[in-house]
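Numbering (the UniProt record's numbering) for the sequence shown: 1 to 76. Everything on this sheet refers to the single structure shown next.
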Amino acid sequence: LPEEEQYTSETTGKEITTIGNKWSDFQIREYKANAQPYYVLLDADGNRLNEPTAYDPDIESYLNWLEEGIKNYKNK
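Below you can see the structure in the form of structure tokens.
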């Protein structure tokens with residue numbers, strides 16, 4: 001990150017000096033998690049459509065999670 005965009009995280013107290021640090025800090029601050037990958041379904045206004053989830057190799061479980069988000073979006 002350019003020097004003027006670097007900062008100390010209020011969440012972790014760590015120095016944020018790279019783009020990766022910045023997005024990791026965002027994920028910890030907003031979602032209380034720091035897993036990669038970490039999936040969050042949002043509507044156009046940034047509201048969650050369902051609970052965020054970390055990687056799950058179970059295809060059926062992931063598909064159910066996606067379908068739940070779509071259903072919640074359509075019911076808004």
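Note that beta-carbon positions come from the ideal geometry of N, C-alpha and C, so glycine has one too. All values reported here derive from a predicted model rather than from experimental measurement.
By how many angstroms is the C-alpha of residue j removed from the C-alpha of residue i?
i          : j   : result
N50        : W65 : 8 Å
G69        : A54 : 15 Å
S61        : T18 : 34 Å
residue 89 : R48 : With the chain covering only 1 through 76, there is no way to say anything about residue 89.
G13        : P57 : 33 Å
N72        : I59 : 20 Å
Y31        : P52 : 8 Å
With which residues is residue i paired in a DSSP beta bridge?
i   : result
Y38 : A54
Y7  : I16
Would you say residue i touches the ligand SAM, meaning its beta carbon is less than 7 Å from a heavy atom?
i   : result
T11 : Questions concerning the ligand SAM fall outside what the structure shown contains, since it holds no ligand whatsoever.
Which residues bound the alpha helix (DSSP H) around residue i?
i   : result
N64 : 59–74
Query raised in the report: In chain order, which continuous runs of the alpha helix (DSSP H) of length 4 or greater are located wholly inside the segment 11–35?
Result: Runs of the alpha helix (DSSP H) inside the segment 11–35: 19–31.
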